[in-house]
Structures are given as C-alpha cells and as structure tokens.
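Novice: Quick note: our numbering has the sequence shown finishing at residue 600, numbered continuously throughout.
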Amino acid sequence: MSEQKVAVVTGASRGIGKAIAEELARQGHIVACVATRRENAEKTVEAIGGQAKAYGCDVSNAAQVLEVMTAIDDDFGTPTILVNNAGITRDTLLARMSDDDWQKVIDVNLTGTYNCIKALLRGMMKARWGRIVNITSVVGLHGAAGQVNYSASKAGLVGLTMSVARELGSRNITCNAVAPGFIETDMTSELSEEMRANVMASAPLGRLGTPEDIAGVVGFLTSDAAGYVTGQTITVDGGLTL
Ligand code: NDP
359 MSEQKVAVVT
369 GASRGIGKAI
379 AEELARQGHI
389 VACVATRREN
399 AEKTVEAIGG
409 QAKAYGCDVS
419 NAAQVLEVMT
429 AIDDDFGTPT
439 ILVNNAGITR
449 DTLLARMSDD
459 DWQKVIDVNL
469 TGTYNCIKAL
479 LRGMMKARWG
489 RIVNITSVVG
499 LHGAAGQVNY
509 SASKAGLVGL
519 TMSVARELGS
529 RNITCNAVAP
539 GFIETDMTSE
549 LSEEMRANVM
559 ASAPLGRLGT
569 PEDIAGVVGF
579 LTSDAAGYVT
589 GQTITVDGGL
599 TL
C-alpha cells in the first residue's frame, strides 16, 4: 500500500469514476469525489464508507473548480493525486452537429481537465510529488463516426498529457492517460444489441469492459510502483483496437 495521499476524482458519482474512487480508497487514500452536484457523489462516499467526501462543481467552470479544490485542500490538505474522469458525449454526425454540441463537449472533457490540473498544479509542485491521470478514449486515438466533438476532446487529452508530463517531470509529477474501449456504464447503456455483439466478437477478450477494469489501471498509475511511467496513454479495451 502507498503512503496515504489526498486524491481528487472528477465524475465520481457513477460508472468509471465511482470505481476509481473506490479503488483509490482501497489503496488507503483520502478521496474527494467530485460530480456536477455534491448530492450526486454522496452514493460513492457512502460506498467507500471511510475517508471520503463529496463535492459539487462543473469542471468546465474554472471559478467553481478553484473553489472546490480550495475546499478540498482546507478539509484534508494538498491533493497530490488527480484523476480527470468527468466526461460527456453529445453524439451526432458532423453535418447535424450544432456549435453547442461541439463546444459543450470540448468545454467539459478538455477544458475541464485543464481547469482541474491548473487548480492543483502549485500544490503538487510544492509537494514535489504528483500523479495526474486523464481518462481519454480509444476514440481519441482512432476516431469514430458521430463523435467528431468527443474524439477531438479525447485526442486533445492525449497531447495535453504528453506536454504536462514533459513540463512537470522534473518536479516528480507524472501525467498519464487511460484510453478505455467499451465499458458498461450509463454512457454506453444506449448501445444497440448489435453494437454490443460486434464489440464482443471483435475484442480478443470477448467481452465489454467493466469500470473496475479501468480503475485497476488507474490505481497502478497513481501508485509509487508507476513512478517511472509518464506521458503515456494506456489502452484498456480488451484488445478491441489491436
Ligand atoms: P458516466 O456518464 O457514467 O459518468 C460521467 C461522470 O462525469 C458523472 O459522474 C458526471 O457527474 C460527471 N460529469 C459530467 N459532466 C460533468 C461536469 N461538467 N462537471 C463535473 N462532473 C461532470 O460516464 P462513464 O463512467 O462511462 O465515463 C467516465 C469517463 O470515461 C468519461 O470521461 C468518458 O468519456 C470516458 N470513457 C468512457 C467509456 C465507456 O465506454 N463508458 C469509453 C471511453 C472513455 P453527474 O453525476 O453529476 O452527472
């Protein structure tokens, strides 16, 4: 088990973020669970049942992010683990995509990550230790019809991850990304049976992923054991995009 740290997980109310928060708590860390509304993340805090607290903010709003990160620091001390997991989709073909569909997805997925890193950067630099993990997607590496906005936001995270890793390595802060394939959550609950069958047939591991499949890899990347890994995007997709 790593020494206890203060960890912030965004999008921690359900799905992948909830599993990540639970994994980090299992590793002995104090976990700040962030969702758009504090009440949404309370479920996760109850499931953890230990050192965890729920916070509410819209990650695309820099002022709200700063307020929440300051509150977390006041409650528990400097956060040195940050998992940028909050994300949304607004899927539609490019010809039908509204400017709002484009902007909203970029604002939450890409700018939200920038806002959270910006807010916690100084503390990690002072601590001379930090772990940042950004949740991107296989779609950010390979593209997908109907997801021009989402794949652009997720590809942006891959570039951001490499640049942050280059800037902050000398301060002993690592920054990596995890690219999930199809994971069973609310986000993918609308997938047709045909699409599910396709994924299962194409992935060598023959199944959709679980939130815990992602949480395990994030738990490794935030641990001391991953101290020499930075700037990487680790695909966790059952082999789907091999
Ligand atoms: P869910 O839709 O189940 O959960 C999304 C989470 O993000 C919720 O906790 C939600 O909070 C939070 N959130 C959304 N918008 C904001 C915002 N503006 N500010 C703060 N929190 C916000 O998604 P998943 O668990 O499926 O996905 C988690 C991450 O993994 C996302 O980044 C997604 O893009 C990525 N991913 C998912 C894949 C999948 O197959 N599921 C595949 C590849 C990547 P609230 O409860 O308040 O709405």
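From the three backbone atoms N, C-alpha and C, an ideal C-beta is built for every residue, glycine too.
Quick check for students: name the residue ranges of the alpha helix (DSSP H) that lie wholly in the segment 447-476, counting only runs of 4 or more.
Specialist: 457-463
Novice: Is N467 close to the ligand NDP? I mean its beta-carbon at under 7 Å from any heavy atom of the ligand.
Specialist: The residue you call residue 467 lines up with position 109 of the sequence shown. Closer than 7 Å to some heavy atom of the ligand NDP: that describes the Cβ of N467.
Novice: By alpha-carbon positions, which one of V536, V576, N419 and E425 ends up nearest to A383?
Specialist: Your numbering for residue 383 matches position 25 in the sequence shown. The residue with the shortest Cα to Cα distance from A383 is V576.
Novice: Does the distance between the C-beta of S418 and the nearest non-hydrogen atom of the ligand NDP fall short of 7 Å?
Specialist: Position 60 of the sequence shown, counted from the first residue, corresponds to residue 418. Relative to the non-hydrogen atoms of the ligand NDP, the Cβ of S418 comes within a distance shorter than 7 Å of at least one.
Novice: Can you give me the start and stop residues for the alpha helix (DSSP H) that L620 sits inside?
Specialist: An answer regarding residue 620 cannot be provided, because it is not within the stretch 359 to 600 covered by the chain.
Novice: Hey, is the segment 512-523 in contact with the segment 560-574, meaning 3+ C-beta pairs nearer than 8 Å?
Specialist: no
Novice: By DSSP, does G498 sit in helix, in strand, or in coil?
Specialist: If you number the sequence shown from 1, residue 498 lands on position 140. Helix, per DSSP.
Novice: Would you call S456 buried or exposed, if buried means 16 or more other Cβ atoms sit within 10 Å of its Cβ?
Specialist: Sequence index remark: in the sequence shown, residue 456 carries index 98 (1-based). S456 should be labelled exposed.
Novice: Is R489 helix, strand or coil when you go by DSSP?
Specialist: In the sequence shown, the residue the question calls residue 489 occupies position 131. If DSSP states are grouped into helix, strand and coil, R489 belongs with the strands.
Novice: Are P538 and D595 closer than 8 Å when you measure CB to CB?
Specialist: Residue mapping note: residue 538 aligns to position 180 of the sequence shown, counting from 1. Residue mapping note: residue 595 aligns to position 237 of the sequence shown, counting from 1. Going by beta carbons, P538 and D595 fall inside the 8 Å limit.
Novice: If the criterion is Cβ atoms closer than 8 Å, does the pair K411 and D431 meet it?
Specialist: As a working mapping, residue 411 is identified with position 53 in the sequence shown. As a working mapping, residue 431 is identified with position 73 in the sequence shown. Cβ distance not < 8 Å, so K411 and D431 don't count as in contact.
Novice: Can we count P538 as close to the ligand NDP, meaning its CB is less than 7 Å from some heavy atom?
Specialist: Translated into positions along the sequence shown, residue 538 becomes position 180. Answer for P538: yes, Cβ within range of the ligand NDP.
Novice: Look up G414 in the DSSP assignment and say whether it is helix, strand or coil.
Specialist: Position 56 of the sequence shown, counting from 1, holds the residue named residue 414. In the structure shown, G414 sits in a strand (DSSP, three-state: E or B).
Novice: Bridge partners for V389 per DSSP, in chain order?
Specialist: Taking the sequence shown and counting its residues from 1, one reaches residue 389 at position 31. A365 and A410, per the DSSP bridge assignment.
Novice: Between S511 and the rest of its own chain, which residues show a CB-CB distance below 7 Å, the 5 nearest in sequence each way excluded?
Specialist: Working through the sequence shown from its first residue, we reach residue 511 at position 153. Only V463, I464, N467 and L468 meet the Cβ criterion.
Novice: Specify the secondary structure class of A523 as computed by DSSP and reduced to three states.
Specialist: Start at 1 with the first residue of the sequence shown, and residue 523 comes out as number 165. Judged by DSSP in its simplified three-state form, A523 adopts helix.
Novice: Using only alpha-carbon positions, find the residue among N443, E548 and Q505 that is nearest to V491.
Specialist: For the purposes of this step, residue 491 is identified with residue 133 of the sequence shown, where counting begins at 1. Nearest option by C-alpha distance: N443.
Novice: In the structure shown, what three-state DSSP assignment does T543 receive?
Specialist: In the sequence shown, the residue the question calls residue 543 occupies position 185. Correct three-state label for T543: coil.
Novice: Quick one, which of T428, G470, T402 and V506 has its alpha-carbon nearest A420's?
Specialist: Within the sequence shown, residue 420 is the residue found at index 62, counting from 1. The shortest CA-to-CA distance from A420 to any of T428, G470, T402 and V506 is the one to G470.
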